[in-house]
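Here's the structure we're looking at; comments come further down.
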Amino acid sequence: MRPSPIPEAEVEQAERKVNAILEELEESTNTDVKDIDLEDVVDTDLASGKPTVRQAVDITVQPRPKRSWLK
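As numbered in the working numbering, residues 6 to 76 make up the sequence shown, in order.
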(Lines of atoms letter the chains of each structure in order from A and count residues from 1; the text may use other names and numbers.)
(Lines give C-alpha, C1' and ligand atoms only; values in the text may rest on other atoms or scores of the structure.)
Protein backbone atom coordinates (compact mmCIF):
# COMPACT_ATOMS: atom_id res chain seq x y z
CA MET A 1 0.00 0.00 0.00
CA ARG A 2 1.42 3.37 -1.00
CA PRO A 3 0.97 6.38 1.24
CA SER A 4 -1.24 9.10 -0.21
CA PRO A 5 0.67 12.03 -1.72
CA ILE A 6 1.07 15.17 0.37
CA PRO A 7 -0.91 18.12 -1.01
CA GLU A 8 1.27 20.53 -2.97
CA ALA A 9 0.23 23.49 -0.79
CA GLU A 10 1.57 21.70 2.31
CA VAL A 11 4.83 20.88 0.55
CA GLU A 12 5.28 24.51 -0.51
CA GLN A 13 4.58 25.73 3.04
CA ALA A 14 7.15 23.30 4.45
CA GLU A 15 9.71 24.37 1.83
CA ARG A 16 9.23 28.03 2.82
CA LYS A 17 9.81 27.16 6.50
CA VAL A 18 12.98 25.20 5.69
CA ASN A 19 14.21 28.02 3.44
CA ALA A 20 13.74 30.55 6.24
CA ILE A 21 15.69 28.36 8.68
CA LEU A 22 18.54 27.86 6.20
CA GLU A 23 18.72 31.60 5.45
CA GLU A 24 18.90 32.34 9.18
CA LEU A 25 21.67 29.74 9.58
CA GLU A 26 23.70 31.28 6.74
CA GLU A 27 23.30 34.82 8.05
CA SER A 28 24.10 33.99 11.68
CA THR A 29 27.20 31.91 10.84
CA ASN A 30 28.44 33.79 7.74
CA THR A 31 28.47 30.52 5.77
CA ASP A 32 26.78 29.02 2.73
CA VAL A 33 24.75 25.81 2.99
CA LYS A 34 26.53 23.30 0.79
CA ASP A 35 24.53 20.09 1.32
CA ILE A 36 21.51 18.73 3.21
CA ASP A 37 21.05 15.02 3.89
CA LEU A 38 18.46 12.96 5.74
CA GLU A 39 20.14 10.10 7.57
CA ASP A 40 19.32 7.38 10.08
CA VAL A 41 20.81 7.85 13.55
CA VAL A 42 20.92 5.41 16.46
CA ASP A 43 19.60 7.04 19.62
CA THR A 44 18.34 5.92 23.03
CA ASP A 45 14.60 5.76 23.61
CA LEU A 46 14.07 7.73 26.82
CA ALA A 47 11.00 5.72 27.84
CA SER A 48 12.53 2.25 27.48
CA GLY A 49 16.26 2.99 27.57
CA LYS A 50 16.73 0.78 24.50
CA PRO A 51 18.45 1.79 21.27
CA THR A 52 16.20 3.12 18.54
CA VAL A 53 16.75 4.40 15.02
CA ARG A 54 15.44 7.84 14.11
CA GLN A 55 15.96 10.18 11.21
CA ALA A 56 18.06 13.32 11.49
CA VAL A 57 18.97 16.14 9.13
CA ASP A 58 22.67 16.69 8.44
CA ILE A 59 23.52 20.16 7.12
CA THR A 60 26.96 20.85 5.67
CA VAL A 61 28.09 24.46 5.43
CA GLN A 62 31.18 26.09 4.03
CA PRO A 63 32.66 29.43 5.12
CA ARG A 64 32.06 32.38 2.86
CA PRO A 65 35.25 33.80 1.37
CA LYS A 66 36.44 37.01 2.95
CA ARG A 67 36.36 39.87 0.49
CA SER A 68 38.64 42.82 0.65
CA TRP A 69 38.26 45.48 -1.97
CA LEU A 70 41.24 47.35 -3.33
CA LYS A 71 41.27 51.04 -2.54
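Don't be surprised by glycine CBs; every beta carbon is placed ideally from N, CA and C.
For clarity, every value in this text was computed on a predicted model and none was experimentally measured.
Considering only residues of the same chain and omitting the five flanking positions on each side of residue i, which have a CB-CB separation below 7 Å?
i, result
"Ala61", "Glu44, Val46"
"Ile59", "Per the sequence presented here, residue 59 reads as Arg, with Ile not at that position. The residues are Val46, Asp48."
Classify residue i as helix, strand or coil using the three-state DSSP reduction.
i, result
"Lys55", "coil"
"Ile11", "coil"
"Leu27", "helix"
Report all residues from its chain with a CB closer than 8 Å to the CB of residue i; omit the five preceding and five following residues, and keep chain order.
i, result
"Lys55", "Thr49"
Assuming residue i contacts residue j under a Cβ cut-off of 8 Å, what Cβ separation, rounded to an integer in Å, is found between them?
i, j, result
"Asp63", "Asp42", "5 Å"
"Asn35", "Arg69", "6 Å"
"Val16", "Lys39", "Not quite, the Cβ-Cβ distance comes to about 23 Å (not below 8 Å), so this is no contact."
What residue does the beta strand (DSSP E) around residue i start on, and which one ends it?
i, result
"Leu75", "Neither: Leu75 is in no beta strand (DSSP E) and is coded neither H nor E."
"Asp37", "36–49"
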